[in-house]
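Beneath this line is the structure, given in structure tokens, with notes to follow.
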Amino acid sequence: MSSNPQTPNPSIQRDSDEIDLGDLMLRIWATRVYVAKAVLVVLALFVLYIGVSYLLSEKTVRYSQVFDLTFEGLRKGEFPNGSPFMISDITSPTVLNRVYRQNNLEAHDLKIDDFRRSVTIQPYAPDYALIRSKYEARLADKKLTPTDIAELQKQMANELAAAQSGSVIITLVLPEQRSLSKDLAQKILLDIPSSWADRAINEQGVLKPNVPVYSERIFNKERFENLDYLLGMDLILNSIKLVRSNIASLKEQPNASTLVDDESGFTLVDLDKAIQDVADYDIRQIIDPIKELGISRNPEVVKLYYTRRLADLQQEQKLWKDRAEVIRRVLAGYSSDKGSSPTAVSSNQNNMVPQLGDAFLDRLLEVSRQGSDLEFRQKLTQEVLKYENQSIDLEQQIAEIKRVLATMSNGQGTDQKLRDVYVKVVQEQLPSVLDNLREYTRVMGRMYEKQGKQNAGNISQLVEAQGGSFRFYTNPIFESKDITLLIILMALVSVATVFLVMVASMIRLRNK
Numbered sequence: 057m058s059s060n061p062q063t064p065n066p067s068i069q070r071d072s073d074e075i076d077l078g079d080l081m082l083r084i085w086a087t088r089v090y091v092a093k094a095v096l097v098v099l100a101l102f103v104l105y106i107g108v109s110y111l112l113s114e115k116t117v118r119y120s121q122v123f124d125l126t127f128e129g130l131r132k133g134e135f136p137n138g139s140p141f142m143i144s145d146i147t148s149p150t151v152l153n154r155v156y157r158q159n160n161l162e163a164h165d166l167k168i169d170d171f172r173r174s175v176t177i178q179p180y181a182p183d184y185a186l187i188r189s190k191y192e193a194r195l196a197d198k199k200l201t202p203t204d205i206a207e208l209q210k211q212m213a214n215e216l217a218a219a220q221s222g223s224v225i226i227t228l229v230l231p232e233q234r235s236l237s238k239d240l241a242q243k244i245l246l247d248i249p250s251s252w253a254d255r256a257i258n259e260q261g262v263l264k265p266n267v268p269v270y271s272e273r274i275f276n277k278e279r280f281e282n283l284d285y286l287l288g289m290d291l292i293l294n295s296i297k298l299v300r301s302n303i304a305s306l307k308e309q310p311n312a313s314t315l316v317d318d319e320s321g322f323t324l325v326d327l328d329k330a331i332q333d334v335a336d337y338d339i340r341q342i343i344d345p346i347k348e349l350g351i352s353r354n355p356e357v358v359k360l361y362y363t364r365r366l367a368d369l370q371q372e373q374k375l376w377k378d379r380a381e382v383i384r385r386v387l388a389g390y391s392s393d394k395g396s397s398p399t400a401v402s403s404n405q406n407n408m409v410p411q412l413g414d415a416f417l418d419r420l421l422e423v424s425r426q427g428s429d430l431e432f433r434q435k436l437t438q439e440v441l442k443y444e445n446q447s448i449d450l451e452q453q454i455a456e457i458k459r460v461l462a463t464m465s466n467g468q469g470t471d472q473k474l475r476d477v478y479v480k481v482v483q484e485q486l487p488s489v490l491d492n493l494r495e496y497t498r499v500m501g502r503m504y505e506k507q508g509k510q511n512a513g514n515i516s517q518l519v520e521a522q523g524g525s526f527r528f529y530t531n532p533i534f535e536s537k538d539i540t541l542l543i544i545l546m547a548l549v550s551v552a553t554v555f556l557v558m559v560a561s562m563i564r565l566r567n568k
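Just so you know, we're using the working numbering here: the sequence shown kicks off at 57 and counts up by one.
Printed below as a string of structure tokens:
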């Protein structure tokens, strides 16, 4: 039986459907001339585009410098004295105006408004991207719970904030035709934070301790001359207490024991003793004869003042005594029945004197809820002692005022010549006393400022330039992104050219 000659050979049919890779490569290679021409055209057009863009663009010069902020309180956004800090203050118009004048930039054909617009500042964090990538990798874990995610996000925010808070970068961008030398540009960038720091320290006092300090103006001479003798002396003594309270606050600051005033040589202890001596001796030498003789410019006004003052002190003393008595009753009731300790106070509230006030009752309830039985009794006892001491202090002031009023009532018949003698003593010695007190207060002010600089540092520690961080940039003809774009375009054009040439070749073959 013979086979049918019309039936095609399966093996031949299968071979005709296979792709000949060698032939394909030859076809691709045959397109090389077209590809080269296309790439050259693209390259020429790209170079033309870059050249035109460069010629038409505004050419600038960029200078930058990184600075570290090192003062205490930076993480909280405040200076050592508690005042708020913002990085925009470093490049404020006041600071830039000073830098402009210091460097005589007007001679470099640079207007002050153009200079201010050319300066920018922003937080600098070289590790910012690394921190984000670290936490993003951890947050990608699908096993994390919502709580874990929230905690990681909080940690990332804190770490990013910390990275950005410690450093800033100041940039100066100028037109190429008004560019400066590298040395002058670097000096300007260094002068900006230096001028800011100098202004912040010396004019705003940001490094001073967070203590409100009185000035010598509280001992103004005219202020005391307008008052009666006794009232003026009381005012001086009260002002002395205020200054000594300032000194006591400064003594609590770090390194206070080594603080010495450069002009007078006083330490804080010396200064406190000198002011105390003025109160105990100089002023007493003036005030004692006035009190004993009842000397006054206007006796009726002085009597009215001290009578009113006596009534206020007696009322205040009664209040302290009432508070101490209430606590004694609470303590006695608690000792007799321990089981009612926290509630004993509240149960007795209705029996307490109304004028004691809600604040006192709240304080008493707060004490009653704290600690053990022994601690409760100890705190109540301490409260009693505190109130009794307040009452004793007021008793001394009351006795002194009663004595003054009695003297003024009985001393009006004193020999006029003797009175004139002591009035003259007051008029001669009071100005000298006030001068001494003003000088001591100025000494305290100088020590206050010196202590701030010792504790918080100087200008170089407020802000410091990072060594080697100065950078100088000009407009390049080609940037890295341009090179990347060119490579991508050449690759796409090459592939597209090969495809189009091969398609055109196939069409020609079919047409034949």
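C-beta: ideal position from N, C-alpha, C; glycine also.
Asked                                                                                                                                                               : Found
Ignoring anything shorter than 3 residues or poking outside the region 248-318, list the beta strand (DSSP E) runs there in chain order.                            : none
Quick test of your reading: threonine 176 and threonine 227, contact by CB under 8 Å. State the CB separation rounded to the nearest angstrom.                      : 5 Å
Taking just the CA atoms, how far does glycine 133 sit from proline 355?                                                                                            : 56 Å
Rounding to the nearest angstrom, what Cα-Cα distance links leucine 565 and valine 98 in this structure?                                                            : 29 Å
Going by beta carbon distance, what residues of the same chain come within less than 7 Å of arginine 365, once the five residues before and after it are set aside? : Ile457
For a test of the three-state rule: what should DSSP assign to aspartate 578, helix, strand or coil?                                                                : Since the displayed the chain opens at 57 and closes at 568, residue 578 lies outside it and no answer follows.
Nearest-angstrom Cα distance between glutamate 128 and aspartate 328?                                                                                               : 29 Å
Got a sec? Which residues, its chain only, sit under 8 Å from glycine 261 by beta carbon, not counting five neighbours each side?                                   : Asn137, Glu505, Gly508
Mind checking whether leucine 246 and alanine 521 have CB atoms under 7 Å apart?                                                                                    : yes
Could you check the C-alpha separation between threonine 553 and threonine 87 for me, to the nearest Å?                                                             : 8 Å
Nearest CA to the CA of glutamine 373: which residue from Asp449, Val334, Gln434, Asp197?                                                                           : Asp449
In the DSSP assignment, the beta strand (DSSP E) including glutamate 520 goes from what residue to what residue?                                                    : 519-521
Between the C-alpha atoms of phenylalanine 555 and valine 91, what's the straight-line distance to the nearest angstrom?                                            : 10 Å
For aspartate 284, which residues in the same chain have their Cβ closer than 7 Å to its Cβ, ignoring the five residues on either side in sequence?                 : Ser352, Arg353, Asn354, Val357, Val358
Rank Thr126, Glu431, Tyr270, Ser251 by C-alpha distance to the C-alpha of isoleucine 146 and give the top, closest one.                                             : Ser251
Please state whether the Cβ-Cβ distance between phenylalanine 322 and valine 499 is less than 7 Å.                                                                  : yes
I'd like the list of long-range same chain contacts for arginine 70, defined as Cβ closer than 7 Å, with 5 residues on each side in sequence excluded.              : Note that arginine 70 has pLDDT 46, beneath the 50 cutoff, so the model's placement of it is unreliable and the number below is only indicative. Within the same chain, arginine 70 has no close Cβ partners at all.
How should arginine 273 be labelled, buried or exposed, when 16 other C-beta atoms within 10 angstroms of its C-beta is the threshold for buried?                   : exposed
Taking the Cβ atom as the reference point for each residue, do valine 224 and proline 182 lie within a distance shorter than 7 Å?                                   : no
For my contact list, asparagine 159 and isoleucine 248 are in at a C-beta cut-off of 8 Å; report their separation, rounded to the angstrom.                         : The Cβ separation is near 10 Å, so there is no contact.
Measure from the alpha carbon of arginine 154 to the alpha carbon of each residue in Phe141, Pro140, Asp165, Asp169, then state which is nearest.                   : Asp169
Mind checking which residues open and close the beta strand (DSSP E) that includes valine 224?                                                                      : 223-231
Do methionine 503 and glycine 350 have their C-beta atoms within less than 7 Å of each other?                                                                       : no
Expressed to the nearest angstrom, what Euclidean distance is found between the alpha-carbon atoms of valine 482 and isoleucine 303?                                : 28 Å
Who are the near neighbours of leucine 324 in its chain, counting only those whose CB is closer than 7 Å to its CB and skipping five residues on each side?         : Ile303, Leu306, Lys307, Ala312, Leu315, Met503
If we call anything under 7 Å between Cβ atoms a contact, is isoleucine 296 one with tyrosine 496?                                                                  : no
With distances taken from CA atoms, which of Lys190, Val551, Ile342 is nearest lysine 480?                                                                          : Ile342
DSSP three-state label for phenylalanine 432, please.                                                                                                               : helix
Whole beta strand (DSSP E) runs in the region 100-175 with 3 or more residues, listed along the chain?                                                              : 116-125
What are the boundary residues of the alpha helix (DSSP H) that arginine 83 is part of?                                                                             : 77-85
Could you say if the region 207-215 and the region 190-198 meet the contact criterion of at least three C-beta pairs nearer than 8 Å?                               : yes
Could you tell me how far apart the beta carbons of arginine 379 and tyrosine 443 are, in whole angstroms, since I believe they sit closer than 8 Å?                : 5 Å
Under DSSP, the beta strand (DSSP E) around phenylalanine 322 begins and ends at which residues?                                                                    : Premise fails: phenylalanine 322 is in no beta strand (DSSP E) and is neither H nor E.
Can you tell me whether asparagine 406 is buried or exposed, with buried defined as 16 or more other CB within 10 angstroms of its CB?                              : Unreliable positioning characterises asparagine 406 in this predicted model, as indicated by a pLDDT of 48, which lies under 50. A coordinate reading is not provided.
Bridge partners of phenylalanine 526, per DSSP?                                                                                                                     : Beta-bridge pairing links phenylalanine 526 to no other residue.
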